[in-house]
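The numbers in the sequence shown follow UniProt numbering, run straight up by one, and end at 761.
By construction, the Cβ of each residue, glycine as well, lies at the ideal position given by its N, Cα and C atoms.
Contents: one structure, followed by commentary.
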Amino acid sequence: MEDPVAPGSGSQPSNGNGNGNGGGKGKQVSPKGREAFRSQRRESEGSVDCPTLEFEYGDADGHAAELSELYSYTENLEFTTNRRCFEEDFKTQVQGREWLELEEDAQKTYVMGLLDRLEVVSRERRLKVARAVLYLAQGTFGECDSEVDVLHWSRYNCFLLYQMGTFSAFLELLHMEIDNSQACSSALRKPAISIADSTELRVLLSVMYLMVENIRLERETDSCAWRTARETFRTELSFSMHNEEPFALLLFSMVTKFCSGLAPHFPIKKVLLLLWKVIMFTLGGFEHLQALKVQKRAELGLPPLAEDSIQVVKSMRAASPPSYTLDLGESQLAPPPPSKLRGRRGSRRQLLTKQDSLDIYNERDLFKTEEPATEEEEESAGDGERNLDGELDLLEQDPLVPPPPSQAPLSAEHVAFPKGLPWAPKVRQKDIEHFLELSRNKFIGFTLGQDTDTLVGLPRPIHESVKTLKQHKYISIADVQIKNEEELEKCPMSLGEEVVPETPCEILYQGMLYSLPQYMIALLKILLAAAPTSKAKTDSINILADVLPEEMPITVLQSMKLGIDVNRHKEIIVKSISALLLLLLKHFKLNHIYQFEYVSQHLVFANCIPLILKFFNQNILSYITAKNSISVLDYPCCTIQDLPELTTESLEAGDNNQFCWRNLFSCINLLRLLNKLTKWKHSRTMMLVVFKSAPILKRALKVKQAMLQLYVLKLLKIQTKYLGRQWRKSNMKTMSAIYQKVRHRMNDDWAYGNGEYSQSS
């Protein structure tokens, strides 16, 4: 295992010019490393240009796609087993009729009998009854003629099963299986765990997932009884029922138990999918979050939001990606040696003249082709990749953040301003205070602290500036929460104890608080194991227990099918973890800013930032357009028609979609997560700089999708002042895209700040 990169060890942080120690000759890179980097560059150069992707971001994919991702292709044979178990049991109870022919009362009677037969001692008999229930939840596909019918009856049956108390019965069985020490010890003794070791758990979790996903889905045609059942189910999952913890906490405990190695047979993909959907169902998705935010601002007496961020992003158009020399060739040329600048007294005027002509050229063509990469830059990118590998070897270690060296200040330059910016500018209270502090020190020689109203002694332009800043002042919910906490801390006796409403989010946070570090570390460990850039290591956790068959493939065709299944399995895990973490952070931030900060802190401690950067240190365009699916094997298609004989051509064909929805969804979620962790955090922004994230992030701009590009540009914007003047000159296309798409802060010096800070040992 490699050691994490430590400050002062052989690898020095870059100063944005491609060199260590603020100048001089670049670090030596082994020929093997340089060749690997160049081969990666050649591979990316050979890729075709990406067309604009017609992608609509949402809480989840389509209903059928979300159901199909529950099953691996290895499980397809079990559809027939479930049907056989149901038909054998159904024939003993109902003579001469089919399930769809029964009246609703007769169906309820049969379900009650199934639940009674679940309460038997024999595990084998109990599993057969559970499979019969699963067949009902899957839509009794043996009696259906089309995929639409299967999905319709799956939803109908799930509401029926819930109304008869099936979820509570399966929850008891799930507790029994989690505590089944015999199954755990048997799995621990096996040299290789397969899908057969988790049969009971997979059946139970599949039924529960189908019920949550089908009941969660709202439709206008739903009856009043179904709407009432949905709200009752949401309440049951949100709050502690019968002195038990919320259901999400049970699933979190399964995740930590799996990562600790005590239960390697747990079907972790199903656990994560169910956990994500339970959190989404109980706390609400992204649109519900926006509505909660509007409601909370109104309760606190804050002005309404200037725009709906979801709608603004949807209306954005993707920008043309930078040329390849932009993507891998981060022009970070070293400045000329001081000896060449000495003795040239007229050089300053000449430099300014040249710079002015450069600005005019840039105004004519902001999207000019930028300078190609130098050998020093290739070495720099190679160093950044090694830094990430070292950081992720020990996920539990605190990230080490060596600060980059200082740089020379850069004066403001002319920029061609496009019209119609998408976002209204925002100004924080501390921005106004900082502006007035600088102005008072400059013009009257002293400051007035947090007083932003007294403008005596300041010139008229400063008055106008303050007026403009106050017009765009934005007070966030977090600002109000922090102020309330400070007042409570100052006057705890007079203000009394704060009354905290028992919301689903608050109850979940209270339940998670004690073991929250373990939960975050476990999720990131699984994410690391599922990332396509991760290298196989002997000590990494096995996330393939619920996809590997009992007998390994013996033909090339079977091996190809299993390879697609494994890749698809990993993609679904990445999708569920990225969406889960993002939802948790957004809900905790709205509930209370300190809850958000505490969760963020533990994610950073667990090296979430280098993990996400390592995930993006691949050909993202290839990842997003990957075809790791076999449409004829997807649910519900595979239940309706007889499976055709698979050939190499049918396996390689995949679907006809322009891109893979789940992979693009995952990438956007991870970028949003990275933005959440680094926003307004100087030390975490420095991590982006130290790990040389700029070339990694800029490669993602090749994907022509507006939302993904927006969050990449946000991450580039917060570190531009630390990348050096030469980087900004050589990347004017990226700078222009930042200006056009990212929200402006009026006092922000992102485009020309010098980013000075001290070098520590």
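Check: What is the DSSP secondary structure of residue 763, counted as helix, strand or coil?
Finding: This structure cannot settle anything about residue 763, because the visible part of the chain is limited to 1 through 761.
Next item on the list: Mind checking who lysine 490 pairs with in its DSSP beta bridge?
Entry: Looking up residue 490 in the sequence shown gives position 490. Bridge partners of lysine 490: none, in fact.
Note to self: Taking the straight line between their C-alpha atoms, what separation do you get for leucine 708 and lysine 721?
What the structure shows: Translated into positions along the sequence shown, residue 708 becomes position 708. Translated into positions along the sequence shown, residue 721 becomes position 721. Roughly 22 Å between the two C-alpha positions.
Next item on the list: Reducing DSSP to helix, strand and coil, say where lysine 704 ends up.
Entry: Within the sequence shown, residue 704 is the residue found at index 704, counting from 1. Residue state, collapsed to three classes: coil.
Check: Exposed or buried, which one is tryptophan 153 when buried takes at least 16 other CB atoms within 10 Å?
Finding: Residue 153 sits at position 153 when you count from the first residue of the sequence shown. Buried is the call here.
Notebook entry, point to check: For valine 212, does the three-state DSSP call read helix, strand or coil?
Noted result: Your numbering for residue 212 matches position 212 in the sequence shown. Valine 212 falls in the helix class under three-state DSSP.
Check: Between the stretch 101 to 110 and the stretch 587 to 600, do at least 3 Cβ pairs fall closer than 8 Å?
Finding: no
Next item on the list: Leaving aside the five residues before and after serine 666 along the sequence, list all residues of the same chain whose C-beta is less than 6 Å from its C-beta, in chain order.
Entry: Taking the sequence shown and counting its residues from 1, one reaches residue 666 at position 666. Excluding positions up to five away in sequence, the list reads Val574, Lys575, Ser578.
Margin query: Would you call the stretch 148 to 162 in contact with the stretch 212 to 229, where contact means no fewer than 3 C-beta pairs closer than 8 Å?
Written below: yes
Notebook entry, point to check: Helix, strand or coil for arginine 745 per DSSP?
Noted result: Along the sequence shown, read from residue 1 onward, the residue named residue 745 stands at position 745. DSSP places arginine 745 in strand when its eight states are reduced to three.
Check: Would you call the CB atoms of threonine 256 and serine 540 closer than 8 Å?
Finding: Position 256 of the sequence shown holds residue 256. Position 540 of the sequence shown holds residue 540. Going by C-beta atoms, threonine 256 is not nearer than 8 Å to serine 540.
Note to self: Using only the alpha-carbon positions, how far apart do proline 742 and glutamate 437 sit?
What the structure shows: For the purposes of this step, residue 742 is taken as residue 742 along the sequence shown, with counting starting at 1. For the purposes of this step, residue 437 is taken as residue 437 along the sequence shown, with counting starting at 1. The sequence shown places valine at residue 742, not proline. Going by the C-alpha atoms only, they are around 27 Å apart.
Next item on the list: State the beta-bridge partners of valine 427 as determined by DSSP.
Entry: The count along the sequence shown starts at 1 and reaches residue 427 at position 427. Answer is Lys473.
Next item on the list: Could you tell me the distance, in whole angstroms, from the CA atom of serine 309 to the CA atom of leucine 495?
Entry: Taking the sequence shown and counting its residues from 1, the one referred to as residue 309 is at position 309. Taking the sequence shown and counting its residues from 1, the one referred to as residue 495 is at position 495. If I take the Cα positions, the gap works out to 36 Å.
Check: Around the Cβ of serine 629, are there at least 16 other Cβ atoms within 10 angstroms (buried) or fewer (exposed)?
Finding: Stepping through the sequence shown from its first residue, residue 629 is reached at position 629. The residue is buried, with at least 16 neighbouring Cβ atoms inside 10 Å.
Next item on the list: Using three-state DSSP, classify histidine 592 as helix, strand or coil.
Entry: Locating residue 592 in the sequence shown gives position 592, counting from the first residue. Here histidine 592 sits in coil by DSSP.
Note to self: Rounded to whole angstroms, what is the Cα-Cα separation between isoleucine 462 and glutamate 486?
What the structure shows: As a first step, residue 462 must be located in the sequence shown, where it is residue number 462. As a first step, residue 486 must be located in the sequence shown, where it is residue number 486. C-alpha of isoleucine 462 to C-alpha of glutamate 486: approximately 31 Å in a straight line.
Next item on the list: Tell me whether glutamine 290 sits in a helix, a strand or coil according to DSSP, three-state version.
Entry: Translated into the one-based positions of the sequence shown, residue 290 becomes position 290. In this structure, glutamine 290 counts as helix in the three-state DSSP scheme.
Note to self: Taking the alpha helix (DSSP H) that lysine 108 belongs to, which residues open and close that run?
What the structure shows: By 1-based counting over the sequence shown, the position of residue 108 is 108. Its alpha helix (DSSP H) spans residues 104 to 118.
Item checked: aspartate 308 - containing alpha helix (DSSP H), residue span -> The sequence position of residue 308 within the sequence shown is 308, counting from 1. No alpha helix (DSSP H) contains aspartate 308, which DSSP labels as neither H nor E.
Next item on the list: In angstroms with no decimal places, state the Cα-to-Cα distance between proline 418 and asparagine 731.
Entry: On the sequence shown, position 418 is the one that residue 418 refers to. On the sequence shown, position 731 is the one that residue 731 refers to. Note that proline 418 scores a pLDDT of 43, beneath 50, so its modelled location is shaky; the value from the coordinates is reported in the next line. Straight-line spacing of the CA atoms in proline 418 and asparagine 731 works out to 18 Å.
Notebook entry, point to check: Taking the alpha helix (DSSP H) that threonine 235 falls in, what are its first and last residues?
Noted result: In the sequence shown, residue 235 corresponds to position 235, counting from 1. Per DSSP, threonine 235 belongs to the alpha helix (DSSP H) from 224 to 238.
Checklist line | Cutoff 6 Å; reference methionine 520; Cβ partners in own chain excluding five residues on either side | finding: Position 520 of the sequence shown, counting from 1, holds the residue named residue 520. Cβ neighbours of methionine 520 within its own chain (closer than 6 Å, five residues either side excluded): His602, Leu603, Ala606.
Notebook entry, point to check: By DSSP, does glutamine 355 sit in helix, in strand, or in coil?
Noted result: Counted from its first residue, the sequence shown places residue 355 at position 355. At glutamine 355 the pLDDT is 38, less than 50, meaning the model places this residue with poor confidence; the figure from the coordinates comes in the next sentence. Annotated three-state conformation of glutamine 355 is helix, per DSSP.
Note to self: With a threshold of 8 Å on Cβ separation, who are the neighbours of aspartate 431 within its own chain once the five nearest residues in sequence on each side are excluded?
What the structure shows: Numbered from its first residue, the sequence shown carries residue 431 at position 431. These residues qualify, in order along the chain: Leu469, Arg745, Met746, Asn747.
Notebook entry, point to check: Among Asp61, Tyr71, Thr92, Met164, which has the Cα closest to the Cα of glutamine 107?
Noted result: Within the sequence shown, the letter at position 107 stands for residue 107. The shortest Cα separation from glutamine 107 among Asp61, Tyr71, Thr92, Met164 belongs to Met164.
Notebook entry, point to check: Exposed or buried, glutamate 172, counting other C-beta atoms within 10 Å across all chains shown (16 or more means buried)?
Noted result: To locate residue 172, count along the sequence shown from 1; it is residue 172. Exposed, by the Cβ-count rule.
Next item on the list: Measure the CB-CB distance between histidine 569 and leucine 590 and report whether it falls below 8 Å.
Entry: Numbered from its first residue, the sequence shown carries residue 569 at position 569. Numbered from its first residue, the sequence shown carries residue 590 at position 590. The Cβ-Cβ distance between histidine 569 and leucine 590 does not fall below 8 Å.
Note to self: If you follow the alpha helix (DSSP H) that aspartate 149 is in, where does it begin and where does it stop?
What the structure shows: Counted from its first residue, the sequence shown places residue 149 at position 149. Residues 147 to 163.
Next item on the list: Please work out which residues of its chain come closer than 8 Å, Cβ to Cβ, to glutamine 93, disregarding the five sequence neighbours upstream and downstream, and give them in chain order.
Entry: Reading the sequence shown from its first residue, position 93 is the one you call residue 93. The answer, listed in chain order, is Tyr110, Gly113.
Next item on the list: Over the uninterrupted alpha helix (DSSP H) stretch that includes alanine 248, give me the two end residues.
Entry: Locating residue 248 in the sequence shown gives position 248, counting from the first residue. Alanine 248 -> alpha helix (DSSP H) spans 247 to 259.
Checklist line | Cβ separation of isoleucine 526 and cysteine 184, assumed to be a contact under 8 Å, to the nearest whole Å | finding: Mapped onto the sequence shown, residue 526 falls at position 526. Mapped onto the sequence shown, residue 184 falls at position 184. About 18 Å; that fails the 8 Å criterion.
Check: Whose C-alpha, out of Ala318, Lys269, Lys296, is nearest the C-alpha of leucine 523?
Finding: Position 523 of the sequence shown, counted from the first residue, corresponds to residue 523. Of Ala318, Lys269, Lys296, the residue nearest in Cα terms is Lys269.
Note to self: If I measure Cβ to Cβ from serine 411 and keep anything under 6 Å in the same chain, skipping five residues before and after, which residues do I get?
What the structure shows: Taking the first residue of the sequence shown as position 1, residue 411 is located at position 411. Its pLDDT being 36, under 50, serine 411 is placed unreliably in this model, and the coordinates cannot settle the point.
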